[in-house]
């Protein structure tokens with residue numbers, strides 16, 4: 027089986043989908059005894075429910091996962107289990123529920139859309155030049171999440187597309203992490219020990235990004251120590267929240283942050299990762315699908331014209347939408363969900379069994395067995411979504427009454443499910459809808475002819491060659 031995996035490593039998501047389709051939705055992969063490459067992969071919703079809900083206590087991140095990710099993610103929520111995971115999840119939940127949170131999110135999005143995305147798209151529309159929309163969206167989301175989490179604006183979203191070293195460092199780390207999944211553990215560990223190849227790139231990139239994080243933490247602490255007055259609402263961000271907010275029952279947990287910059291670094295990096303690459307990936311695939319399905323684009327625009335009044339927010343450079351306005355757009359929401367079904371930002375998820383188990387499909391799971399479930403493959407299974415599963419069809423999310431229908435999170439796993447379901451789901455959706463609606467309302471995107479559209483090989487499902495488009499302004 028190993029030669030097949032290596033031969034198809036450049037199209038790993040399509041390969042796993044094909045194998046799962048041929049094997050009824052669950053497949054046990056056997057590698058050589060010396061490679062630690064044995065795993066079970068599934069796209070069966072019953073198996074996913076079993077792993078993420080019914081027997082969740084029997085599955086955890088596992089030692090191998092931490093071997094791959096802990097160097098970068100540290101003790102943050104992605105690698106944490108047990109009480110440490112619960113503590114961090116409560117902290118993040120308190121941050122999201124803070125009264126200043128929604129205000130900060132809306133303020134940052136509107137600023138970056140009007141002063142960033144609109145300026146760039148207007149320029150390329152006037153110049154009649156091609157632009158890589160994926161690059162624009164990556165820059166937007168990177169700036170947004172740095173402002174929301176660190177209170178720092180990298181200003182990467184500007185018309186001259188500046189090279190930002192720590193932004194590139196993050197992408198390099200992401201690429202190496204995927205390679206660690208498909209290479210034998212002894213091989214990448216040897217590279218790491220010798221500091222050669224991809225592992226040398228990992229070391230350099232992590233040092234660059236850590237410098238940014240620790241500088242932001244030190245700067246924020248110094249600023250707060252000097253300040254004699256309470257922080258202004260416009261200064262609200264995750265680091266400020268962690269340092270100065272009184273969280274009552276969580277006060278003892280917060281004190282760990284005040285004593286440890288490493289704890290702060292790990293929390294911040296995990297949230298940066300969760301909130302940046304996944305959102306830019308989801309937006310890129312969504313705008314490509316809308317651009318290549320003109321009838322769906324027309325339906326989105328008609329819904330916006332019908333449900334929203336004529337003026338809206340904006341400063342003359344284009345219109346953007348408030349969260350209240352976005353909540354009225356059911357068809358836009360359905361189109362976003364449909365895009366995430368076909369192109370989930372995280373194409374596969376990883377867990378390890380604590381003890382032996384039997385899945386609903388009848389497959390036996392041994393102790394310490396690596397189990398992978400594939401949201402990418404699940405979106406392409408006729409058994410789950412019907413014969414038209416490969417079609418971009420927002421209507422499948424809307425009831426006969428025109429309301430959004432309920433879909434099991436164990437069928438639609440773009441945001442994970444069970445106790446580990448994505449705590450930032452609502453933030454991600456409103457961010458994607460805000461940017462998607464603003465772009466569609468103000469501009470028409472035409473994909474450059476013969477531009478190849480392929481998923482990249484990374485832990486986040488980006489487009490391998492970007493999204494080259496021509497822009498036409500509606501203004």
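In the working numbering, the protein residues as written are 27 to 501. Glycine is no exception: its CB is placed at the ideal position from the N, C-alpha and C atoms.
Please state if the CB of residue j and the CB of residue i are separated by a distance shorter than 8 Å.
{"i": "residue 190", "j": "residue 180", "result": "yes"}
{"i": "residue 483", "j": "residue 204", "result": "yes"}
{"i": "residue 459", "j": "residue 359", "result": "yes"}
{"i": "residue 177", "j": "residue 260", "result": "no"}
{"i": "residue 457", "j": "residue 103", "result": "no"}
{"i": "residue 70", "j": "residue 387", "result": "yes"}
{"i": "residue 246", "j": "residue 266", "result": "yes"}
{"i": "residue 183", "j": "residue 165", "result": "yes"}
{"i": "residue 302", "j": "residue 42", "result": "no"}
{"i": "residue 163", "j": "residue 310", "result": "yes"}
{"i": "residue 474", "j": "residue 156", "result": "yes"}
{"i": "residue 27", "j": "residue 65", "result": "no"}
{"i": "residue 497", "j": "residue 244", "result": "no"}
{"i": "residue 378", "j": "residue 396", "result": "yes"}
{"i": "residue 447", "j": "residue 438", "result": "no"}
{"i": "residue 207", "j": "residue 185", "result": "no"}
{"i": "residue 158", "j": "residue 493", "result": "yes"}
{"i": "residue 289", "j": "residue 235", "result": "no"}
{"i": "residue 436", "j": "residue 39", "result": "no"}
Which residue or residues does DSSP assign as beta-bridge partners of residue i?
{"i": "residue 86", "result": "378"}
{"i": "residue 495", "result": "157, 473"}
{"i": "residue 396", "result": "378"}
{"i": "residue 390", "result": "384"}
{"i": "residue 71", "result": "In DSSP, residue 71 forms no bridge with anything."}
{"i": "residue 362", "result": "Beta-bridge pairing links residue 362 to no other residue."}
{"i": "residue 430", "result": "424"}
{"i": "residue 27", "result": "Residue 27 is not bridged to any residue."}
{"i": "residue 481", "result": "489"}
Any idea if residue i is buried or exposed, counting beta-carbon neighbours within 10 angstroms, 16 or more meaning buried?
{"i": "residue 487", "result": "buried"}
{"i": "residue 36", "result": "exposed"}
{"i": "residue 445", "result": "exposed"}
{"i": "residue 433", "result": "exposed"}
{"i": "residue 219", "result": "exposed"}
{"i": "residue 110", "result": "exposed"}
{"i": "residue 87", "result": "buried"}
{"i": "residue 298", "result": "buried"}
{"i": "residue 370", "result": "buried"}
{"i": "residue 275", "result": "In this prediction, residue 275 scores a pLDDT of 44, lower than 50, which makes its location untrustworthy; no coordinate-derived value is stated."}
{"i": "residue 123", "result": "exposed"}
{"i": "residue 336", "result": "Caution applies to residue 336, whose pLDDT of 48 falls short of 50 and renders its modelled position unreliable; the value that the coordinates give is listed next. Exposed, since its Cβ has fewer than 16 Cβ neighbours within 10 Å."}
{"i": "residue 91", "result": "buried"}
{"i": "residue 423", "result": "buried"}
{"i": "residue 114", "result": "buried"}
{"i": "residue 489", "result": "buried"}
{"i": "residue 154", "result": "exposed"}
{"i": "residue 222", "result": "exposed"}
{"i": "residue 120", "result": "buried"}
{"i": "residue 329", "result": "buried"}
{"i": "residue 32", "result": "exposed"}
Report the residue from the options whose alpha carbon sits nearest the alpha carbon of residue i.
{"i": "residue 229", "options": "327, 97, 77", "result": "97"}
{"i": "residue 319", "options": "200, 45, 382, 471", "result": "471"}
{"i": "residue 137", "options": "53, 152, 106, 173", "result": "173"}
{"i": "residue 211", "options": "303, 124, 94", "result": "94"}
{"i": "residue 507", "options": "249, 292, 156, 243", "result": "Because the chain in this structure spans residues 27 to 501, residue 507 falls outside the shown range and cannot be described."}
{"i": "residue 171", "options": "300, 384, 322", "result": "300"}
{"i": "residue 72", "options": "384, 351, 449", "result": "384"}
{"i": "residue 368", "options": "314, 68, 290", "result": "314"}
{"i": "residue 463", "options": "348, 31, 200", "result": "348"}
{"i": "residue 224", "options": "334, 195, 493, 389", "result": "195"}
{"i": "residue 321", "options": "454, 361, 130", "result": "361"}
{"i": "residue 364", "options": "414, 50, 153", "result": "414"}
{"i": "residue 142", "options": "328, 344, 399, 400", "result": "344"}
{"i": "residue 452", "options": "334, 131, 85", "result": "131"}
{"i": "residue 382", "options": "393, 334, 241", "result": "393"}
{"i": "residue 478", "options": "357, 420, 491", "result": "491"}
{"i": "residue 426", "options": "356, 312, 374, 406", "result": "356"}
Check for me: the beta strand (DSSP E) holding residue i runs from which residue to which?
{"i": "residue 68", "result": "65 to 68"}
{"i": "residue 54", "result": "52 to 55"}
Can you tell me where the alpha helix (DSSP H) holding residue i begins and where it ends?
{"i": "residue 439", "result": "First-last for residue 439: undefined, no H or E at that position."}
{"i": "residue 292", "result": "287 to 301"}
{"i": "residue 237", "result": "223 to 252"}
{"i": "residue 503", "result": "Limits of the chain in this structure are 27 at one end and 501 at the other, which puts residue 503 out of reach."}
{"i": "residue 464", "result": "451 to 468"}
{"i": "residue 113", "result": "108 to 123"}
{"i": "residue 369", "result": "No alpha helix (DSSP H) contains residue 369, which DSSP labels as neither H nor E."}
{"i": "residue 327", "result": "320 to 333"}
Does residue i have its Cβ less than 8 Å from a Cβ in chain C?
{"i": "residue 169", "result": "No chain C appears in the structure shown, which is made up of a single protein chain."}
Is the closest heavy atom of the ligand PLP to the C-beta of residue i under 7 Å?
{"i": "residue 95", "result": "By its list of ligands, the structure shown contains no ligand whatsoever, and the ligand PLP lies outside what it can speak to."}
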